[in-house]
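Beneath this line is the structure, given in structure tokens, with notes to follow.
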Amino acid sequence: MEATDKYNKEGAFVEPVLICDSCTKVILLDDLHKQGMCPECGNTKVRNVKILNDENLLRVNKWVEEGKVDPDWLKLFEEDKGE
Ligand SMILES: [Zn+2]
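For the sequence shown, the working numbering assigns the number 67 to the initial residue and increments by one for each residue that follows.
Written out as structure tokens, the structure reads:
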């Protein structure tokens with residue numbers, strides 16, 4: 067299965083990583099479910115990730131290495147960079 071089929075960017079919150087609407091830091095969906103808010107700032111509004119800036123990319127890379135995030139999900143953003 068292609069990564070783009072697996073994760074539809076227009077879909078509901080099925081993605082493993084979301085972005086905080088307030089502090090714009092990435093949040094693990096697991097952490098959001100556990101805490102019910104952004105672990106960084108306590109905001110409860112999140113949105114789907116459209117773009118990963120360098121700081122957030124580093125965080126997500128770490129989560130992939132730790133096995134918390136599916137590497138296929140990260141591929142969606144690596145492909146956007148056109149490397
Ligand atoms: Zn936040």
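Glycine residues also receive a C-beta, built at the ideal position from the N, C-alpha and C atoms.
Remember, predicted model here, so these are calculated numbers, not experimental data.
Residue i versus residue j: straight-line alpha-carbon distance, rounded
| i | j | result |
| --- | --- | --- |
| E121 | V92 | 9 Å |
| L84 | W139 | 12 Å |
| E132 | R125 | 11 Å |
| P105 | R113 | 15 Å |
| G102 | W129 | 19 Å |
| P137 | T90 | 21 Å |
| L142 | L123 | 12 Å |
| V80 | V135 | 12 Å |
| K100 | C107 | 15 Å |
C-beta contact flag for residue i and residue j at 8 Å
| i | j | result |
| --- | --- | --- |
| N119 | C86 | no |
Whole-number beta carbon distance between residue j and residue i, since they are thought to touch under 8 Å
| i | j | result |
| --- | --- | --- |
| P82 | L95 | 5 Å |
| K116 | S88 | That pair is no contact at about 16 Å. |
Only counting runs of 4 or more residues, tell me where the alpha helix (DSSP H) segments fall wholly within the region 79-148, in order along the chain. 95-101, 120-131, 137-146
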